[in-house]
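Chains A and B supply the protein sequences, listed in that same order.
Heads up, the first sequence is in full-length UniProt numbering, so the first residue is 1 and it goes up one at a time.
Heads up, the second sequence is in full-length UniProt numbering, so the first residue is 1 and it goes up one at a time.
Just so it is clear, CB atoms sit at the ideal spot from N, CA and C, and this is done for glycine as well.
There are 2 protein chains.
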Amino acid sequence: MYKNCDFIQNINDELWLTEKEGENLTLSYRLKEIIYEENSPIQHILIVDSYDFGRMLVLDGIVQTTEKDGFVYNEMICHIPLSLHPNAKNVLIIGGGDCGVLKELSKYPSLNEIHMVEIDKSVVEASLKYLKGVSGGKIDKKVTLFFEDGIKFIQDKKGYYDVIIIDSSDPLGQAEALFEKDFYKSVYEALKPDGIMSCQSESPIYYSDVLKNSYDSIKELFPLVKLYSATIPTYPGSFWTFTIGSKKYNTVARDDFSLDTKYVNKNIINTCFNNAEFIENLINS
Amino acid sequence: MYKNCDFIQNINDELWLTEKEGENLTLSYRLKEIIYEENSPIQHILIVDSYDFGRMLVLDGIVQTTEKDGFVYNEMICHIPLSLHPNAKNVLIIGGGDCGVLKELSKYPSLNEIHMVEIDKSVVEASLKYLKGVSGGKIDKKVTLFFEDGIKFIQDKKGYYDVIIIDSSDPLGQAEALFEKDFYKSVYEALKPDGIMSCQSESPIYYSDVLKNSYDSIKELFPLVKLYSATIPTYPGSFWTFTIGSKKYNTVARDDFSLDTKYVNKNIINTCFNNAEFIENLINS
Numbered sequence: 001m002y003k004n005c006d007f008i009q010n011i012n013d014e015l016w017l018t019e020k021e022g023e024n025l026t027l028s029y030r031l032k033e034i035i036y037e038e039n040s041p042i043q044h045i046l047i048v049d050s051y052d053f054g055r056m057l058v059l060d061g062i063v064q065t066t067e068k069d070g071f072v073y074n075e076m077i078c079h080i081p082l083s084l085h086p087n088a089k090n091v092l093i094i095g096g097g098d099c100g101v102l103k104e105l106s107k108y109p110s111l112n113e114i115h116m117v118e119i120d121k122s123v124v125e126a127s128l129k130y131l132k133g134v135s136g137g138k139i140d141k142k143v144t145l146f147f148e149d150g151i152k153f154i155q156d157k158k159g160y161y162d163v164i165i166i167d168s169s170d171p172l173g174q175a176e177a178l179f180e181k182d183f184y185k186s187v188y189e190a191l192k193p194d195g196i197m198s199c200q201s202e203s204p205i206y207y208s209d210v211l212k213n214s215y216d217s218i219k220e221l222f223p224l225v226k227l228y229s230a231t232i233p234t235y236p237g238s239f240w241t242f243t244i245g246s247k248k249y250n251t252v253a254r255d256d257f258s259l260d261t262k263y264v265n266k267n268i269i270n271t272c273f274n275n276a277e278f279i280e281n282l283i284n285s
Numbered sequence: 001m002y003k004n005c006d007f008i009q010n011i012n013d014e015l016w017l018t019e020k021e022g023e024n025l026t027l028s029y030r031l032k033e034i035i036y037e038e039n040s041p042i043q044h045i046l047i048v049d050s051y052d053f054g055r056m057l058v059l060d061g062i063v064q065t066t067e068k069d070g071f072v073y074n075e076m077i078c079h080i081p082l083s084l085h086p087n088a089k090n091v092l093i094i095g096g097g098d099c100g101v102l103k104e105l106s107k108y109p110s111l112n113e114i115h116m117v118e119i120d121k122s123v124v125e126a127s128l129k130y131l132k133g134v135s136g137g138k139i140d141k142k143v144t145l146f147f148e149d150g151i152k153f154i155q156d157k158k159g160y161y162d163v164i165i166i167d168s169s170d171p172l173g174q175a176e177a178l179f180e181k182d183f184y185k186s187v188y189e190a191l192k193p194d195g196i197m198s199c200q201s202e203s204p205i206y207y208s209d210v211l212k213n214s215y216d217s218i219k220e221l222f223p224l225v226k227l228y229s230a231t232i233p234t235y236p237g238s239f240w241t242f243t244i245g246s247k248k249y250n251t252v253a254r255d256d257f258s259l260d261t262k263y264v265n266k267n268i269i270n271t272c273f274n275n276a277e278f279i280e281n282l283i284n285s
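Structure representation (structure tokens):
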């Protein structure tokens with residue numbers, strides 16, 4: 001099955017997945033087995049079980065999330081904007097096919113409506129079936145899934161959402177447009193007058209130009225912009241950032257945060273916008 | 001020259017260094033060139049120039065520090081204990097051969113005496129000559145270097161130091177004893193009655209047992225123990241922790257912090273002890 005992927009190799013009877021992080025760095029994970037493989041109309045989908053990171057979702061050869069460290073990303077991109085907004089009811093996820101953000105959103109009984117627009121239905125189906133450690137294996141009743149292009153989807157929405165979470169892959173190929181100002185403008189317009197967006201804004205070490213462009217674009221549109229970071233071992237450089245654009249709310253102070261989480265807690269929420277000096281210098285330059 | 005290292009390979013005219021992170025993960029860095037190689041009586045020393053991380057110090061095939069991300073580790077292991085202590089004069093580094101911590105300590109004009117005890121003189125000499133991006137290339141006048149076993153060295157010192165920084169490699173081979181309670185006890189006794197120690201306490205993902213043992217040992221000895229973390233891309237799992245044992249001082253509040261740094265700033269100092277939930281659960285279990 002895995003003979004179709006040049007990034008999977010059998011070396012001395014051991015199965016290894018080798019991921020290229022740019023031209024000058026590779027990460028190789030020893031695998032227990034290949035769980036699922038599919039060539040969807042959009043991309044090559046692989047779910048593998050690795051020794052060090054448990055099951056992993058791999059799209060076109062790039063590790064997207066793992067059972068071992070996926071919680072860091074999913075909790076940080078979700079609970080920080082939800083903590084900033086005092087009364088979110090309607091939330092949209094753009095991307096998010098592994099359903100990890102959906103799982104985090106299902107922890108909020110106060111939400112009325114959760115929409116997710118994901119271009120590749122196959123990723124959602126495979127993640128729900130074979131990646132339950134990330135997805136939870138099921139979808140909340142409040143959730144409506146839209147399998148279409150997020151960029152087109154958002155253009156028809158005006159003033160509808162309290163929070164929009166942009167859970168995109170790296171800015172390569174089709175995902176590139178999800179880091180551009182035109183797209184953030186559509187997101188701005190789809191939010192209510194006190195709405196908040198969050199997005200992953202890449203590594204300050206590997207993709208500092210992407211981070212900076214994304215931050216600057218959001219800053220031009222939203223009156224309030226904030227950046228925060230977390231360590232995600234399976235992402236290149238591991239140092240990962242998230243950016244928030246907010247129309248009104250500026251302060252997180254959630255001493256009552258009590259959701260069942262593995263990374264985020266009230267101290268993380270209250271202090272996450274304190275960035276390392278080189279990141280502050282980058283976004284303020 | 002590099003033919004002696006099985007972890008350096010020439011693949012299609014490209015030079016690659018492959019580092020094993022345990023049995024199930026490898027990281028491969030593309031290199032520009034080998035800068036320096038030596039078999040010292042202690043270990044195999046290699047300094048290489050890599051495309052993504054600049055010059056790197058590699059001991060027995062393990063990347064110890066790089067020009068690109070070494071500042072995170074060196075600033076965090078140094079400036080947090082120095083911020084906690086209101087009036088440090090005598091500081092000891094145990095290990096620290098790459099001289100990165102020495103460079104950070106040289107930023108404090110208020111210090112009287114800086115001792116460093118490092119078992120391998122060759123690492124210090126190579127780092128000062130070929131790894132100036134980390135070491136700074138020179139040593140402060142206040143510094144006295146001792147090239148001997150840190151464990152024996154510390155046993156003769158009683159109540160002498162304000163701050164002791166344990167800058168060790170991973171707990172393998174000779175460095176293993178630097179994570180044991182007997183050693184922390186010697187460190188405790190070498191400190192003044194209001195002294196503070198800091199050490200690297202490994203990854204909460206890859207070496208959670210080492211972290212936990214180290215934390216518990218320090219907690220049994222010192223009335224105050226604190227853990228903090230940072231992202232270090234070239235360390236396995238990238239999520240790295242540091243532990244502080246303090247005899248007296250408990251609060252960092254350094255709104256006057258103004259040293260020339262790339263990672264640490266006053267906000268990082270004031271909030272660094274807020275750990276992710278899974279780390280809090282680990283150290284409080």
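Applying the 10 Å Cβ sphere with the 16-neighbour rule, what's the burial state of A/Thr241?
Within the first sequence, the letter at position 241 stands for residue 241 of chain A. Burial call: buried.
Is the CB of A/Ile237 under 8 Å away from at least one CB in chain B?
Here the question's residue 237 of chain A lines up with position 237 in the first sequence. Rather than Ile, the amino acid found at residue 237 of chain A in this sequence is Gly. Yes, A/Gly237 lies at the interface with chain B (some Cβ there is under 8 Å from its Cβ).
If you count every other CB in all the chains shown that lies within 10 Å of the CB of A/Ile154, and 16 or more means buried, which is it?
Residue 154 of chain A sits at position 154 when you count from the first residue of the first sequence. When all chains shown are included, A/Ile154 counts as buried.
From A/Ser217, A/Ser28 and A/Gln64, pick the residue whose C-alpha is nearest to that of A/Asp52; which is it?
If you number the first sequence from 1, residue 52 of chain A lands on position 52. Comparing Cα positions, the closest option is A/Ser28.
In chain B, what lies closer than 8 Å to A/Pro41 by C-beta?
Position 41 of the first sequence, counted from the start, is the residue given in the question as residue 41 of chain A. Here the premise fails: no neighbours, minimum Cβ distance about 32 Å.
Between which two residues does the beta strand (DSSP E) holding B/Thr66 run?
Indexing the second sequence from 1 puts residue 66 of chain B at position 66. B/Thr66 -> beta strand (DSSP E) spans Ile62 to Thr66.
B/Gly96 and B/Val134 - do their beta-carbons sit closer together than 8 Å?
Your numbering for residue 134 of chain B matches position 134 in the second sequence. Your numbering for residue 96 of chain B matches position 96 in the second sequence. No, these two residues do not count as a Cβ contact at 8 Å.
Just to confirm the assignment, what range does the beta strand (DSSP E) spanning A/Cys199 have?
Counting from one through the first sequence, the residue named residue 199 of chain A turns up at place 199. Note, A/Cys199: beta strand (DSSP E), Leu191 to Gln200.
Got a sec? Which residues, its chain only, sit under 7 Å from B/Asn71 by beta carbon, not counting five neighbours each side?
Residue 71 of chain B sits at position 71 when you count from the first residue of the second sequence. What sits at residue 71 of chain B in the sequence shown is Phe, not Asn. Closer than 7 Å at the Cβ level, and outside the excluded window around B/Phe71, lie Lys262 and Tyr263.
Is B/Leu105 near B/Val252, with beta carbons less than 8 Å apart?
Translated into the one-based positions of the second sequence, residue 105 of chain B becomes position 105. Translated into the one-based positions of the second sequence, residue 252 of chain B becomes position 252. Not in contact: B/Leu105 and B/Val252 (Cβ atoms no closer than 8 Å).
So, is B/Asn12 buried or exposed, given that buried needs 16 or more other C-beta atoms within 10 angstroms?
As a position in the second sequence, residue 12 of chain B is number 12, starting the count at 1. With fewer than 16 Cβ atoms within 10 Å of its Cβ, B/Asn12 is classed as exposed.
List the endpoints of the continuous alpha helix (DSSP H) containing A/Lys132.
Your numbering for residue 132 of chain A matches position 132 in the first sequence. Counting along the chain, the alpha helix (DSSP H) containing A/Lys132 begins and ends at Lys132 to Ser135.
In three-state terms, what does DSSP make of B/Leu282?
Here the question's residue 282 of chain B lines up with position 282 in the second sequence. Of the three classes helix, strand and coil, the one that applies to B/Leu282 here is helix, per DSSP.
For B/Leu211, I'd like the list of residues in its chain whose CB is within less than 6 Å of its CB, leaving aside the five on either flank, ordered along the chain.
Taking the first residue of the second sequence as position 1, residue 211 of chain B is located at position 211. Excluding positions up to five away in sequence, the list reads Ser201, Glu202, Pro204 and Thr241.
Provide the residue(s) that pair with A/Phe239 in DSSP beta bridges, ordered along the chain.
Translated into the one-based positions of the first sequence, residue 239 of chain A becomes position 239. DSSP output for A/Phe239 lists A/Thr231 as bridge partner(s).
With DSSP as the reference, label B/Leu172 as helix, strand or coil.
In the second sequence, counting from the first residue as 1, residue 172 of chain B sits at position 172. Three-state result, B/Leu172: coil.
Give the secondary structure of A/Asn39 by DSSP, where H, G and I count as helix, E and B as strand, and everything else as coil.
The residue you call residue 39 of chain A lines up with position 39 of the first sequence. If DSSP states are grouped into helix, strand and coil, A/Asn39 belongs with the strands.
Closer than 8 Å between beta carbons: that is the criterion. Which residues of the stretch 261 to 280 of chain A meet it against chain B?
Taking 8 Å as the Cβ-Cβ cut-off against chain B, the residues of the stretch 261 to 280 of chain A that qualify are Thr261, Lys262, Tyr263, Val264, Asn265, Asn267, Ile268, Asn270, Thr271, Asn274, Asn275, Ala276, Glu277, Phe278 and Glu280.
Which residue comes first and which comes last in the beta strand (DSSP E) that contains A/Tyr161?
Counting from 1 along the first sequence, the entry for residue 161 of chain A is found at position 161. Tyr161 to Asp167 is the extent of the beta strand (DSSP E) around A/Tyr161.
Let me make sure I understand the geometry here. Which of A/Thr144, A/Ser208, A/Ile93 and A/Asp49 has the alpha-carbon closest to that of A/Gly150?
Residue 150 of chain A sits at position 150 when you count from the first residue of the first sequence. Selected option, being the one with the closest Cα: A/Ile93.
Do you know whose CA, among B/Gly195, B/Phe239, B/Leu259 and B/Ser246, lies nearest B/Asn275's CA?
For the purposes of this step, residue 275 of chain B is taken as the residue at position 275 of the second sequence. Out of B/Gly195, B/Phe239, B/Leu259 and B/Ser246, B/Phe239 has the C-alpha closest to the C-alpha of B/Asn275.
With distances taken Cα to Cα, identify the nearest neighbour of B/Arg254 among B/Ile269, B/Lys248, B/Asp260 and B/Leu15.
As a working mapping, residue 254 of chain B is identified with position 254 in the second sequence. For B/Arg254, the nearest C-alpha among the options comes from B/Ile269.
Please state if the CB of B/Phe222 and the CB of B/Lys247 are separated by a distance shorter than 8 Å.
Here residue 247 of chain B refers to the residue found at position 247 of the second sequence. Here residue 222 of chain B refers to the residue found at position 222 of the second sequence. Yes, these two residues count as a Cβ contact at 8 Å.
Between the C-alpha atoms of A/Ile80 and A/Glu125, what's the straight-line distance to the nearest angstrom?
On the first sequence, residue 80 of chain A is found 80 positions in, with the first residue counted as 1. On the first sequence, residue 125 of chain A is found 125 positions in, with the first residue counted as 1. Cα-Cα distance, rounded: 27 Å.
Measuring only the C-alpha atoms, how far is B/Lys152 from B/Thr234?
Position 152 of the second sequence, counting from 1, holds the residue named residue 152 of chain B. Position 234 of the second sequence, counting from 1, holds the residue named residue 234 of chain B. Rounded to the nearest angstrom, the two C-alpha atoms are 30 Å apart.
Report yes or no: is there a C-beta of chain A within less than 8 Å of the C-beta of B/Trp213?
Here residue 213 of chain B is taken as the residue at index 213 of the second sequence, counted from 1. Correcting the residue type first, residue 213 of chain B is Asn in the shown sequence and not Trp. With 8 Å as the cut-off, B/Asn213 does not count as an interface residue toward chain A.
Taking a contact to mean a Cβ-Cβ separation below 8 Å, would you say B/Asp98 touches B/Val123 in this structure?
For the purposes of this step, residue 98 of chain B is taken as residue 98 along the second sequence, with counting starting at 1. For the purposes of this step, residue 123 of chain B is taken as residue 123 along the second sequence, with counting starting at 1. In this structure, B/Val123 lies closer than 8 Å to B/Asp98 by Cβ.
Taking Cβ-Cβ distances shorter than 8 Å, what residues in chain A pair up with B/Ile205?
Here residue 205 of chain B refers to the residue found at position 205 of the second sequence. Chain A residues near B/Ile205: Lys68, Asp69 and Pro233.
From B/Ile47 to A/Asn87, what does the alpha carbon distance come to, in whole angstroms?
Against the second sequence, residue 47 of chain B aligns to sequence position 47. Against the first sequence, residue 87 of chain A aligns to sequence position 87. Between B/Ile47 and A/Asn87, the C-alpha separation is close to 55 Å.
Would you list the one or two residues that DSSP bridges to A/Lys20?
Locating residue 20 of chain A in the first sequence gives position 20, counting from the first residue. DSSP output for A/Lys20 lists A/Thr26 as bridge partner(s).
With a threshold of 16 other CB atoms inside 10 Å of the CB of A/Asp256, please say whether the residue is buried or exposed.
The residue given as residue 256 of chain A occupies position 256 in the first sequence. The residue is exposed, with fewer than 16 neighbouring Cβ atoms inside 10 Å.
For A/Arg254, would you say it is in contact with chain B, using Cβ-to-Cβ distances shorter than 8 Å as the test?
As a working mapping, residue 254 of chain A is identified with position 254 in the first sequence. Not closer than 8 Å to any Cβ of chain B, the Cβ of A/Arg254 fails to qualify, so no.
Under 7 Å between beta-carbons, which chain B residues line up against A/Leu57? List them in chain order, please.
Locating residue 57 of chain A in the first sequence gives position 57, where the first residue counts as 1. Here the premise fails: no neighbours, minimum Cβ distance about 17 Å.
Taking 7 Å as the cut-off, is the C-beta of A/Arg30 nearer than that to any heavy atom in the ligand MG?
Here there are no bound small molecules, and the ligand MG is not part of this structure.
Contact criterion: CB-CB distance below 8 Å. Does B/Asp52 meet it with respect to chain A?
By 1-based counting over the second sequence, the position of residue 52 of chain B is 52. So, interface residue.
If you measure between the beta carbons of B/Leu145 and B/Lys138, is that distance less than 8 Å?
For the purposes of this step, residue 145 of chain B is taken as residue 145 along the second sequence, with counting starting at 1. For the purposes of this step, residue 138 of chain B is taken as residue 138 along the second sequence, with counting starting at 1. Their beta carbons are not under 8 Å apart, which means B/Leu145 does not touch B/Lys138 by this criterion.
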